[in-house]
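A quick write-up on the structure given underneath.
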Amino acid sequence: LARRDVPGKEGKSFVPQAGIAAVVQNLLDTIKANMLQQATTFRDANIHDVTSYDELKSMMDKEKGGWARVWWAGSSEDEGKIKEETGATVRCIPFEQPGGTGKCFFTGKEANMIALFSKAY
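Put into structure tokens, the structure is as follows:
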């Protein structure tokens with residue numbers, strides 16, 4: 246068997262044919278959990294808290310980019326301006342919001358929601 250989530254020799258193993266269905270099921274569960282952990286770690290490492298528009302522009306100019314977590318109280322017109330200048334758009338408004346309020350990074354208005362901005366590649 247060759248694991249998709251573990252490259253090279255470490256991800257390969259030989260399994261006797263007898264009882265292979267149970268081994269494969271357990272291995273698939275392990276692979277799924279490992280891939281989810283890798284994706285979650287990557288996502289969390291690439292989300293950056295941004296408090297100003299200049300900070301967003303600087304972040305989007307970098308080669309790696311990532312996701313900018315911002316307080317957002319802008320309109321679709323504001324988002325259009327941001328897209329025109331930086332290439333970034335709202336990629337996600339998380340269902341789980343932290344509560345409270347903050348200053349919108351673009352308009353300066355009081356915001357009650359967090360949004361994630363990034364470029365689409």
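Numbering (the working numbering), first residue to last: 246 to 366.
For each residue, glycine too, the CB sits at the ideal point set by N, CA and C.
Boundaries for V269: no beta strand (DSSP E) harbours it, while the alpha helix (DSSP H) harbouring it runs I265 to A290, taken from the DSSP string. Under the three-state reduction of DSSP output, K307 falls in the coil class, being neither helix nor strand. Under the 8 Å Cβ criterion, the stretch 312-325 counts as touching the stretch 279-295, having at least three qualifying pairs.
For K254, the three-state secondary structure derived from DSSP is helix. Listed in chain order, the non-local C-beta contacts of N279 below 7 Å within the same chain comprise D250, local neighbours out to five positions each way being set aside. For the pair of segments examined, the stretch 274-290 was found to touch the stretch 250-260: the number of CB pairs separated by less than 8 Å reaches three. Between S303 and A333, the C-beta gap is not smaller than 7 Å, which leaves the two residues out of contact.
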